[in-house]
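Under UniProt numbering, the sequence shown has 99 at position 99, and the numbering climbs by one with no breaks. Think of the CB as a built atom: it goes at the ideal place given N, C-alpha and C, for glycine as much as any other residue. Structure, as structure tokens:
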Amino acid sequence: MHSDGAIAQTRPLNNWSKTDEKVVTVCPYCASGCKINPVVDNGKIVRAEAAQGKTNRGTLCLKGYYGWDFINDTQILTPRLKTPMIRRQRGGKLEAVSSGRGAGLRRHPPQRH
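Now the structure itself:
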């Protein structure tokens with residue numbers, strides 16, 4: 001934090017990679033629909049910048065500007081699935097299956113006793 005109480009970014013501004021990738025998306029915090037540019041470096045979001053949108057008009061609130069880091073936290077969000085998974089029995093562990101095998105399975109409703 002700065003001496004005046006303002007929150008500081010986690011990296012100095014002059015230390016950003018020249019290969020940072022920007023992607024326009026919608027801020028996940030509330031239903032306002034503000035557009036943001038999460039800046040990606042080495043596959044991880046390193047900061048967020050305001051994008052021009054009808055709701056936010058090129059600005060971000062504090063949550064949009066500083067709150068993006070939860071996306072990289074696997075304690076908060078589980079890693080994205082990269083393959084189909086199946087649970088062969090109730091309470092069993094999920095197992096990876098091929099996409100062909102996963103597509104061939106039928107969904108069954110819960111059994112009533």
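In chain order, what residues of the same chain have a beta carbon less than 8 angstroms from the beta carbon of residue i, not counting five sequence neighbours either side?
{"i": "L77", "result": "F70 and I71"}
With a threshold of 16 other CB atoms inside 10 Å of the CB of residue i, please say whether the residue is buried or exposed.
{"i": "R90", "result": "exposed"}
{"i": "A51", "result": "buried"}
{"i": "N56", "result": "buried"}
Between residue i and residue j, how many whole angstroms is the CB-CB distance? I'm expecting something under 8 angstroms.
{"i": "I36", "j": "L60", "result": "6 angstroms"}
{"i": "P38", "j": "A48", "result": "5 angstroms"}
{"i": "G33", "j": "V26", "result": "6 angstroms"}
{"i": "S99", "j": "P79", "result": "Actually they are not in contact, since the Cβ atoms of S99 and P79 sit about 18 angstroms apart, beyond 8 angstroms."}
Determine the DSSP secondary structure at residue i, reduced to helix, strand or coil.
{"i": "I36", "result": "strand"}
{"i": "K22", "result": "strand"}
{"i": "D41", "result": "strand"}
Identify, in the order they occur along the chain, each residue of the same chain with its Cβ nearer than 6 angstroms to the Cβ of residue i, setting aside the five sequence neighbours on each side.
{"i": "V46", "result": "V39"}
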